[in-house]
Ligand code: 6MZ
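In UniProt numbering, the protein residues as written are 10 to 357.
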């Protein structure tokens, strides 16, 4: 009698607490620092575009290894074949982020020349869409796709430098440069380092560098870590899964952790085994960390969903502090104000 009633009350209290936690996390004010525009295409939009073009989309049914991810990016790039579609996927993603409680986002994308338009047109289009966003502050990181090689990157960045001088919107919206692309491609960071040095030291912008995405060290890790240590606040690490705790000790550069993406590419059975998240929540002296989505369209994830996954695997943990750390590592200082404004407005 009494024991059963007590048990039922305890179970009910547990369910209620869990429901409240999840509602709070879904609503809480967040920041997104690592999201690739084309990888963030809505799955429904991707399927529709692929069907309209008669493209084989069988790769979407396969398990997300790194190799499959890059097959999917190739499919997405065939589907996103005009600046109009680029603008649509950017608007849709901003809408999804805002609904997930995101106050500030740094979106990243690799400029492409599409249908007779130039890479500069691509950058201008994306900056225009980001500058028009309402209810969310959006900035852009220009991506360098390592698989295209350093000459292509130098050409793209020269155009961006020119645009920043001639277009006030581009100048305001572009806040950094990202180093991404297939980590198994032949070009290492050393081939691009001079370009990132220029971005960091001459342009005064941030560098978001993919590093150690696969457990096999890609030979870039030491060089990227040395580059970061020179000016830690101007550099963030994407993934950084292959770093050891000792290598990272005392490093002030933030790590952009992408739970679903990392679990897929590392083939983790449980998020509890994520090396960086584990260290962040279980040991002291590990670098600050942000929770990010990487490619919502490829991994079928969402920003709020990633926070919930971390909560389920490591909670109770201080997710507000994670957001504050991320805001402090944003490449535009206006992020802090965007976060404060949303917190004041929604009281979360
Ligand atoms: C490395 C990635 C990535 O630039 O066309 N990208 N690079 N590792 C990852 N982990 C899964 N996820 C995305 O968006 C798609 C491009 O982003 C990079 C790749 O270069 C991919 O082609 P954009 O908007």
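From the three backbone atoms N, C-alpha and C, an ideal C-beta is built for every residue, glycine too.
Residue range of the alpha helix (DSSP H) that residue i falls in?
i: residue 239; result: 230-239
i: residue 86; result: 75-88
i: residue 58; result: 52-61
i: residue 257; result: 254-257
Run through the DSSP bridge pairs and tell me what residue i is partnered with.
i: residue 175; result: Partner(s): none; residue 175 has no beta bridge.
i: residue 95; result: The partner list for residue 95 (beta bridge, DSSP) is empty, contrary to what the question assumes.
i: residue 40; result: 113
i: residue 45; result: 117
Judging by CA-CA distance, which residue of the options is the nearest neighbour of residue i?
i: residue 95; options: 72, 70, 128; result: 128
i: residue 350; options: 205, 86, 73, 111; result: 111
i: residue 143; options: 285, 51, 101; result: 101
i: residue 4; options: 54, 201, 255; result: Residue 4 lies beyond the residue range present for the chain, which begins at 10 and ends at 357; the question has no answer from this structure.
i: residue 37; options: 148, 263, 317, 184; result: 317
i: residue 108; options: 232, 34, 240; result: 34
i: residue 52; options: 327, 307, 334; result: 307
i: residue 79; options: 181, 154, 313; result: 154
i: residue 99; options: 84, 82, 83, 118; result: 118
i: residue 200; options: 49, 228, 210; result: 228
i: residue 46; options: 39, 258, 68, 82; result: 82
i: residue 148; options: 114, 173, 131, 180; result: 114
i: residue 264; options: 280, 105, 243, 277; result: 243
i: residue 206; options: 163, 338, 23, 91; result: 163
i: residue 208; options: 344, 193, 191, 186; result: 186
i: residue 190; options: 89, 48, 240; result: 48
i: residue 122; options: 160, 138, 165; result: 165
i: residue 178; options: 331, 75, 140; result: 140
i: residue 89; options: 67, 120, 77, 68; result: 120
i: residue 130; options: 169, 219, 97; result: 169
i: residue 333; options: 210, 298, 74, 85; result: 298
i: residue 338; options: 245, 260, 56, 325; result: 245
i: residue 158; options: 43, 29, 67, 204; result: 204
i: residue 192; options: 220, 210, 20, 331; result: 220
i: residue 321; options: 124, 335, 31; result: 31
i: residue 64; options: 257, 86, 50, 77; result: 86
Please check if any C-beta of chain D sits within less than 9 Å of the C-beta of residue i.
i: residue 20; result: Within the model displayed, chain D is absent; a lone protein chain is all it includes.
Since residue i contacts residue j with CB under 8 Å, what's their CB separation in whole angstroms?
i: residue 222; j: residue 196; result: The pair is not a contact, with the Cβ atoms about 15 Å apart (cut-off 8 Å).
i: residue 323; j: residue 184; result: That belief does not hold up - the Cβ atoms of residue 323 and residue 184 are roughly 30 Å apart, past 8 Å.
i: residue 296; j: residue 262; result: 6 Å
i: residue 285; j: residue 266; result: 5 Å
i: residue 300; j: residue 329; result: With 8 Å as the limit, residue 300 and residue 329 do not qualify as a contact, their Cβ atoms being about 12 Å apart.
i: residue 41; j: residue 312; result: 6 Å
i: residue 134; j: residue 92; result: 5 Å
i: residue 260; j: residue 241; result: 7 Å
i: residue 14; j: residue 274; result: Actually they do not touch by this definition, with Cβ atoms about 48 Å apart.
Determine the extent of the beta strand (DSSP E) in which residue i is found, giving its start and end residues.
i: residue 13; result: Element bounds for residue 13: not the beta strand (DSSP E) but the alpha helix (DSSP H), 11-36.
i: residue 266; result: 263-266
i: residue 248; result: 244-248
My parser needs the beta strand (DSSP E) runs of 3 or more residues fully inside the segment 110-155; what are they? 111-118, 146-154
Could I get the ranges of all uninterrupted beta strand (DSSP E) runs contained in the segment 158-225, with 3 residues as the minimum, in chain order? 183-189, 215-220
Write down every uninterrupted run of the beta strand (DSSP E) in the segment 286-351 whose length is 3 residues or greater and which is fully enclosed by it, in chain order. 298-300
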